[in-house]
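J.: Protein chains in written order, with this note's numbering: chain W, 41 to 150; chain D, -17 to 94.
C-beta atoms are modelled at their ideal positions from N, C-alpha and C, and glycine is treated no differently.
Just so you know, these numbers come straight off a predicted model, no measurement behind them.
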């Protein structure tokens, strides 16, 4: 069965701090990996995605994620966060269907 | 703006009632996905339609049903509503393969 786990439910950081949000998944076959972001009061938007090739993918707004196949992980990173990054972040692996993690609420202190 | 539209934006109804949520996908997209987002359950995949046919089912209750019409818009029907059905219902559209999904603004349902 397919599953996904996001390790952090709430994260509070100060501006300019570095960010890493953990995501682990389980699935026996080929999987595509997505991170979506939901800003307050808005709909979900794609942040970045991995299908194949270079395991380090870059997304919008300075975000990046690294696919580590041996660890079944797809952690999201950003070297220096901004107040405008306050949002909820969802990891979403897609095997035979897409499933979303429970989300990580990120709050950036100005 | 993702190009996906959902109506209505807000819906308030009573327990036992039935409602219909509507979704219009982005131009050219053949897939429509429905999701339920609540505080306790997070974002739950309900159902996926591709070009009018059901492709995959997730955690969709028997009281809920969906369909996709020839013009590719989709409707999610929720019946015998319960308090616990109060949630934000999103639809998303995509091309049909292992593609990015584009989410609509959602319909916020409140069951009193």
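(1) Write down the C-beta distance between residue 144 of chain W and residue 61 of chain W rounded to the nearest angstrom, noting that I regard them as a contact closer than 8 angstroms.
(2) Kindly indicate if chain D contains any beta-carbon less than 8 angstroms away from that of residue 143 of chain W.
(3) So that I know if they touch, is there some Cβ in chain D lying closer than 8 angstroms to that of residue 137 of chain W?
(4) With a Cβ-Cβ cutoff of 8 angstroms, do residue 105 of chain D and residue 77 of chain D count as a contact?
(5) Are the CB atoms of residue 59 of chain D and residue -5 of chain D nearer to each other than 8 angstroms?
(6) Over what stretch of residues does the beta strand (DSSP E) that includes residue 105 of chain W continue unbroken?
(7) Opposite residue 50 of chain D in the DSSP bridges: which residues?
(8) Taking a Cβ distance cut-off of 9 angstroms, strictly less, list which residues of the region 41 to 52 of chain D are near chain W, in chain order.
(9) Is there contact between the region 83 to 98 of chain W and the region 68 to 75 of chain W, where contact requires at least three CB pairs shorter than 8 angstroms?
(10) Would you say residue 25 of chain D lies against chain W (beta-carbon separation less than 8 angstroms)?
(11) Using a Cβ cut-off of 7 angstroms, pull out every chain W residue sitting near residue -16 of chain D, in sequence order please.
(12) Give me the Cα-Cα distance between residue 88 of chain D and residue 57 of chain W, rounded to the nearest whole angstrom.
(13) For a test of the three-state rule: what should DSSP assign to residue 68 of chain W, helix, strand or coil?
(14) Near residue 96 of chain W, which residues of its chain fall below 7 angstroms by C-beta distance, leaving aside the five closest residues on each side in sequence?
(15) Anything in chain D within Cβ reach of residue 103 of chain W, meaning under 8 angstroms, just list it in chain order.
(16) Does the separation of the CB atoms of residue 93 of chain D and residue 54 of chain D fall below 8 angstroms?
T.: By the coordinates alone:
(1) 5 angstroms
(2) yes
(3) yes
(4) Given that chain D is displayed from residue -17 to residue 94, the structure contains no residue 105 of chain D and the question cannot be resolved.
(5) no
(6) 104 to 108
(7) D:56
(8) none
(9) yes
(10) yes
(11) 83
(12) 32 angstroms
(13) coil
(14) 104, 106
(15) The premise fails here: residue 103 of chain W is roughly 15 angstroms from chain D at the closest Cβ pair, so nothing lies under 8 angstroms.
(16) no
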